[in-house]
Amino acid sequence: MLSRFYCLLCIVGTILPYSQFVPFLLQHGLSLQLFIEQVFANRVSSFAAADLIATSFVLWTFVYVEGTRLKMQHLWVYVAANLTVGVSLGLPLFLWVRQRHLEQQSNTAS
């Protein structure tokens, strides 16, 4: 049940950010300079960007520490998901795979 919920969060966490990013790409192309200018256009957007940058570092640390502790493989995938979509995909994707890993360990121990 929890595993399905994390999977649903991965889908929502991809659709929501990309629903805003794809129109930008269609209008402006992959203009990194314009993207950064707009992300830091005012105090509120700068606040949100700074929060997401800090949260990303927290996620990377959590993925490394928890993934290493549980001997999970391919930890780079969650960082890549974070960098290509955002925390909204990276975190639930890690939690989804982590939950499945824990369930497999539990079934193996039984």
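Start counting the sequence shown at 0; every next residue gets the next number (numbering that gives the first Met the number 0).
Idealized CB from N, CA, C, for every residue including glycine.
Everything numeric in this text was worked out from a predicted model, so none of it was measured.
For a quick check, are the C-beta atoms of Gln98 and Leu1 less than 8 Å apart?
Going by C-beta atoms, Gln98 is nearer than 8 Å to Leu1.
Starting from the Cα of Gly89, find the closest Cα among Gln104, Phe23, Thr54, Val21 and give me that residue.
Nearest option by C-alpha distance: Thr54.
For Gly12, tell me which candidate among Leu82, Gln32, Phe34, Gln103 has the shortest Cα-Cα distance.
Closest by C-alpha distance to Gly12, out of Leu82, Gln32, Phe34, Gln103, is Leu82.
Quick one: grab the DSSP three-state call for Phe20.
Three-state result, Phe20: helix.
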